[in-house]
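Asks:
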Amino acid sequence: MQKVKVRKVSITSDLTEEKRKQLCELLGNVELSLLYKASVHGYQASAFHQRCDRQGPTLLVAYNHSGYIFGGYTSVDYAQSGQFITDKEAFLFSFQDKIPTIIKVNSECKARYDDAGGPNFGQQLYFCYNNQSSTIRKYTLLEIIRNHKPLVKSVSRVRILMIGPVGAGKSSFFNSINSIFTGHVTNKAMSGSAGASLTFRTYPVNDGREGKPLPFVLCDTMGLEEQSGAGLDIEDISSILQGHVPDRYKFNPMAPFQPDEQKSSRPASLQEKIHCVVYVIDATKISLMSDKLQEKLASIRRKVNSLGKRTYLHQSCD
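The number in my numbering is simply the position in the sequence shown, starting from 1, with 948 added.
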C-alpha cells in the first residue's frame, strides 16, 4: 500500500505586521492567536461559531474589496445566547491611512448581540457572509423582537399606540407586521372600513399561526382630521394613554370619551396603559399636510411628552 504524506498547512492572518502590532498595543500588548479565517474555514456563521465560541476575548478583523480594514473587539465569550451582552471593554476600529481609529461603546449593556448569526456589535456593525447582509439583518431583528423583555416585571407586553391622519395606513401597517410573524398574508385589521376607523382596537401578535404571543400589542384608533369636531380628539389621546379606553370602544367624533363610572374608580394598571407612541404618516403626502393637521400632531406630541411616554421619529421610507 502506498503511503500518503499529509502536509500540514499553516494558516496566517492577512494583517501586516505593523497593523498587528498596533492592534496588540490597543489591547494592552497582548499576543493574538488566529482562530478563524473565513476564506479557509468557510463563510457560514456556523463555521465562525464552531471555532470562536467560548474562546475568551475576541478581536474580529474584516476586509472589503477596496482594501478597507475594520473590525471589533469584545472581552466576553461568544455563546449564541440570543441576548444583548454587557461589555464595557468592547470597541469598533478602522484603519484610516496607517492610524487605527477607535469607537468606544456608548451603552455597555448593549455592546453586542450574541446570537447564532454573524458577529453583531450594538446593531451598528455586522459581519456578513456570502453578501447576505439583508437576510442576516432581518433574522436578527426578528429575534430581538421575539426575545424582548420589558424592564418592569409587572408588564408582560409593551402596548404601542399608532397615531396618524385618516388614511395614513395604520391598519395596513399592523397587517404587515402580523403577516411577517404569522408566516402568511393576513387582514386582521380592516383597512379603509368606515365603521372600524372609529373604533379603538388592541391587536396582540403571535409568533406563527399557533405560536405564543409576542411581547408587544399594537393599538389602533380613530384617525386624525384637520377640522375641529372631526377625527380623534386630543382629550381622547389622554384617556387612551392612561389605559381608560377598553378594546372595541367606538369613538364619537363630536364628543370626547366618557369613562365608565364603575371602571374609572379603579386606576388603570401599568399593563393597561400605553407605553410607547408611534406616528404613522404617508411619506408621499408630508409636503401636502395642512398647517392645522401639523399643529394637531404637535399638540398630541406635547400631550404625550407631558405624560412621560416615549415617541420615535424615523426617516421616511420610499
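Note that CB positions come from ideal geometry on N, CA and C, so glycine has one too. Just so you know, these numbers come straight off a predicted model, no measurement behind them.
Could you please give the first and the last residue of the uninterrupted alpha helix (DSSP H) stretch that includes ILE959?
Replies: The count along the sequence shown starts at 1 and reaches residue 959 at position 11. Counting along the chain, ILE959 falls outside any alpha helix (DSSP H), and DSSP gives it neither H nor E.
Asks: ALA1010 by DSSP, collapsed to three states: which one?
Replies: For this step, residue 1010 is matched to residue 62 along the sequence shown. ALA1010: strand per DSSP, three-state reduction.
Asks: Would LEU1162 pass as a contact of PHE1129 if the rule is Cβ separation under 8 angstroms?
Replies: Position 214 of the sequence shown holds residue 1162. Position 181 of the sequence shown holds residue 1129. Yes, they are a contact pair.
Asks: Within this structure, are the beta carbons of THR1022 and ARG1060 separated by less than 8 angstroms?
Replies: Residue mapping note: residue 1022 aligns to position 74 of the sequence shown, counting from 1. Residue mapping note: residue 1060 aligns to position 112 of the sequence shown, counting from 1. Yes, they are a contact pair.
Asks: If you follow the alpha helix (DSSP H) that ILE1185 is in, where does it begin and where does it stop?
Replies: On the sequence shown, residue 1185 is found 237 positions in, with the first residue counted as 1. Start and end: 1182-1189.
Asks: From the DSSP output, in three-state form, read off LEU982 for me.
Replies: Along the sequence shown, read from residue 1 onward, the residue named residue 982 stands at position 34. LEU982: coil per DSSP, three-state reduction.
Asks: If you follow the alpha helix (DSSP H) that VAL1228 is part of, which residue opens it and which one closes it?
Replies: Working through the sequence shown from its first residue, we reach residue 1228 at position 280. Where VAL1228 is concerned, there is no enclosing alpha helix (DSSP H), given that its DSSP letter is neither H nor E.
Asks: How many Å lie between GLY1156 and SER1238 at the Cα?
Replies: The sequence position of residue 1156 within the sequence shown is 208, counting from 1. The sequence position of residue 1238 within the sequence shown is 290, counting from 1. Taking the straight line joining both Cα atoms gives about 41 angstroms.
Asks: Going by beta carbon distance, what residues of the same chain come within less than 7 angstroms of PRO1094, once the five residues before and after it are set aside?
Replies: On the sequence shown, residue 1094 is found 146 positions in, with the first residue counted as 1. Checking the displayed sequence, the identity of residue 1094 turns out to be Arg instead of Pro. Here the set comprises ASP1155, LEU1162.
Asks: Quick check on VAL1103: does DSSP put it in helix, strand or coil?
Replies: For this step, residue 1103 is matched to residue 155 along the sequence shown. Here VAL1103 sits in coil by DSSP.
Asks: Please state if the CB of GLY1112 and the CB of TYR1227 are separated by a distance shorter than 8 angstroms.
Replies: In the sequence shown, the residue the question calls residue 1227 occupies position 279. In the sequence shown, the residue the question calls residue 1112 occupies position 164. Yes, these two residues count as a Cβ contact at 8 angstroms.
Asks: Using DSSP with H/G/I as helix, E/B as strand and the rest coil, what is GLN1031?
Replies: As a first step, residue 1031 is located in the sequence shown; it is residue number 83 there, counting from the start. Three-state DSSP puts GLN1031 in a strand.
Asks: Suppose contacts are defined by Cβ-Cβ distances below 8 angstroms. Is CYS972 in contact with LEU983 by that definition?
Replies: Reading the sequence shown from its first residue, position 24 is the one you call residue 972. Reading the sequence shown from its first residue, position 35 is the one you call residue 983. Contact: no.
Asks: Using the Cβ count rule (16 or more neighbours within 10 Å means buried), how would you classify ARG1107?
Replies: For the purposes of this step, residue 1107 is identified with residue 159 of the sequence shown, where counting begins at 1. Buried, since its Cβ has 16 or more Cβ neighbours within 10 Å.
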